[in-house]
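Inspection log for the structure reproduced underneath, given as structure tokens.
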Amino acid sequence: MLVPRRGFSIQELLVSITVIAILMALILPAVQQARESARRTQCVSNLRQLGIAMHSYADVYQFVPPGNTNGYSAFVLLLPFLEQSSLYAEFDLASLAQDSSNSRFHRTPLAILNCPSDPGNKGSIAQNNYVANAGSGLHESGQFRGVFTIPALGGQRGGGWIRFDSITDGLSNTAGFAEILVSDGSRHNLRIVGSVKPAFRDSGQSAEFTQKCDSPETLTRRVSTGDRGFPWIDGNHPTTLYNHVAPPNHRACTNDGSVPDGSFPVSSTHGLTANVCLVDGSVRGISSHIDQKTWQAIGTRAGAEVVSEF
Numbered sequence: 002m003l004v005p006r007r008g009f010s011i012q013e014l015l016v017s018i019t020v021i022a023i024l025m026a027l028i029l030p031a032v033q034q035a036r037e038s039a040r041r042t043q044c045v046s047n048l049r050q051l052g053i054a055m056h057s058y059a060d061v062y063q064f065v066p067p068g069n070t071n072g073y074s075a076f077v078l079l080l081p082f083l084e085q086s087s088l089y090a091e092f093d094l095a096s097l098a099q100d101s102s103n104s105r106f107h108r109t110p111l112a113i114l115n116c117p118s119d120p121g122n123k124g125s126i127a128q129n130n131y132v133a134n135a136g137s138g139l140h141e142s143g144q145f146r147g148v149f150t151i152p153a154l155g156g157q158r159g160g161g162w163i164r165f166d167s168i169t170d171g172l173s174n175t176a177g178f179a180e181i182l183v184s185d186g187s188r189h190n191l192r193i194v195g196s197v198k199p200a201f202r203d204s205g206q207s208a209e210f211t212q213k214c215d216s217p218e219t220l221t222r223r224v225s226t227g228d229r230g231f232p233w234i235d236g237n238h239p240t241t242l243y244n245h246v247a248p249p250n251h252r253a254c255t256n257d258g259s260v261p262d263g264s265f266p267v268s269s270t271h272g273l274t275a276n277v278c279l280v281d282g283s284v285r286g287i288s289s290h291i292d293q294k295t296w297q298a299i300g301t302r303a304g305a306e307v308v309s310e311f
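Numbering-wise (our numbering), the sequence shown opens with residue 2 and increments by one.
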């Protein structure tokens, strides 16, 4: 005689579903956290590779790559040291980066310049999450006191090519590269470039400028939603150059529309920190709450400032 099988009761089914839901609620955040940790590790690894490439370039040429050569970024000059020699050979550095023949490179993504933690960077066009340190000045006259200058313009923008022995503040106390969130067409606070008006004339007003840039008033004026991190071949603010006027994760602003005058900070999705590759090649996560003067000191190569712990 066959004994009829007993099925699940509705109560048992509901209990099972509840248990599964609880387990999923516990597991999913852990999975997401593990994925973000892996993405962040990749972001740090990319910065470290850029630091190695900078040192390899300096070993060959005795100076670091300029931040702008005929409009080309330092990243173009670093291509042979990033295992991209064939791509480098396609560039005519005697021409201007803005030449129409270079528009094809605007559709050429470079994986090492993409931080997978940034959802705004789809990796399908020539966007870059990494930028080179030009200095700490609010105005052009003091802007290019960092590591990546524009030698062709002489003293106006930092003077000659920068050798490691001219970085007298110390390689471990001077920023080389850092990360940013790219513009994605939205008005996200850290992806736009606003404009502070009227212009600040006093170079010592960095704190006041930062406060004005962060204010809601800035958003009532015209803002740029496509300038940060595109294209990576362009050697200008706010595309591939940044400065240390404001600490990490503050809004970027021009000084009444003038570029490179203004503040072009680093930014990230890593909470209240942003990754910075120092000139010695080490990578540090820097807090958004770092003292502004300390942050500015890290941005100069020979400012002789006393740098506190950061």
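All C-beta atoms in this analysis are idealised placements derived from N, C-alpha and C, irrespective of residue type, glycine included.
Closest residue to residue i among the options (Cα-Cα distance)
i: Asp119; options: Ile299, Ser204 and Arg40; result: Arg40
i: Gly136; options: Pro248, Ser17 and Ile18; result: Pro248
i: Thr109; options: Ser96, Lys123 and His251; result: Lys123
i: Ile133; options: Leu220, Leu48, Arg188 and Ser125; result: The sequence shown places Ala at residue 133, rather than the Ile named in the question. Residue Leu48 is the option with its Cα nearest to Ala133.
i: Thr70; options: Thr226, Phe92 and Ser57; result: Phe92
i: Leu220; options: Arg252, Val277, Ser17 and Phe178; result: Arg252
i: Phe64; options: Ile234, Glu310, Ile21 and Arg164; result: Arg164
i: Glu306; options: Ile23, Thr270, Asn103 and Thr169; result: Thr169
i: Glu218; options: Asn190, Arg202 and Asp228; result: Asn190
i: Arg146; options: Thr270, Asn244 and Lys198; result: Asn244
i: Gly258; options: Gly121, Arg192 and Arg223; result: Arg223
i: Thr333; options: Ser104, Leu242 and Gly121; result: Absent from the model: residue 333. The displayed extent of the chain is 2 to 311, so no value can be given.
i: Phe201; options: Gly263, Trp233, Val183 and Ser283; result: Gly263
i: Ser283; options: Met55, Lys213 and Ala59; result: Met55
Residue j beta carbon less than 7 Å from that of residue i
i: Ser101; j: Ile181; result: no
i: His238; j: Pro261; result: yes
i: Thr255; j: Ser187; result: no
i: Ala98; j: Ile299; result: no
i: Phe178; j: Leu51; result: yes
i: Asn174; j: Val45; result: no
i: Ser57; j: Gly236; result: no
i: Trp1; j: Phe76; result: Nothing can be reported for residue 1: it is not among the residues displayed for the chain, which extend from 2 to 311.
Bridge partner(s) assigned by DSSP for residue i
i: Val132; result: Ala179
i: Thr221; result: Partner(s): none; Thr221 has no beta bridge.
i: Ser101; result: For Ser101, which the question treats as bridged, DSSP gives no partner whatsoever.
i: Asp235; result: Tyr73
i: Ala253; result: Val194
i: Ile287; result: Ala275
Other residues of its chain near residue i: CB distance less than 8 Å, five sequence neighbours each side excluded
i: Ser167; result: Arg302 and Ala303
i: Gln293; result: Ser207, Ala208, Thr211, Ala247 and Pro248
i: Ser86; result: Leu80
Same chain, Cβ closer than 7 Å to residue i, five either side skipped, listed in chain order
i: Pro81; result: Tyr89
i: Asp215; result: His251 and Arg252
i: Ala59; result: Val65 and Phe165
i: Gly156; result: With a pLDDT of only 47 at Gly156, under the threshold of 50, the placement of this residue in the model should not be trusted, and no figure is reported.
Euclidean distance between Cα positions of residue i and residue j
i: Phe106; j: Ala127; result: 7 Å
i: Ser125; j: Asn115; result: 10 Å
i: Phe231; j: Thr19; result: 47 Å
i: Leu15; j: Ala26; result: 16 Å
i: Val112; j: Ser10; result: According to the sequence provided, residue 112 is Ala. The question's Val does not apply to it. So the alpha carbons of these two residues sit roughly 53 Å apart.
i: Leu78; j: Thr226; result: 27 Å
i: Ile287; j: Pro117; result: 19 Å
i: Ile291; j: Gly272; result: 14 Å
i: Asp185; j: Ala275; result: 19 Å
i: Ser96; j: Asn103; result: 9 Å
i: Val148; j: Thr270; result: 25 Å
i: Asn130; j: Gly121; result: 10 Å
i: Leu94; j: Tyr62; result: 16 Å
i: Gly72; j: Lys213; result: 30 Å
i: Glu310; j: Ser289; result: 14 Å
i: Ile21; j: Ile53; result: 47 Å
i: Ile23; j: Pro199; result: 55 Å
i: Val183; j: Ser17; result: 44 Å
i: Arg192; j: Gln12; result: 51 Å
Close Cβ partners of residue i (< 6 Å) along its chain, the five nearest in sequence each way excluded
i: Arg285; result: Val277
i: Leu172; result: Val280 and Asp281
i: Val194; result: Ser225, Asp228, Pro239 and Ala253
i: Gln43; result: Pro117
7 Å Cβ cutoff, residue i in contact with chain C
i: Gln128; result: Of the protein chains in this structure there is only one, and it is not chain C.
Near the ligand GDP: residue i beta-carbon under 6 Å from a heavy atom
i: Ser207; result: Absence of the ligand GDP is noted for the structure shown, with no ligands found whatsoever.
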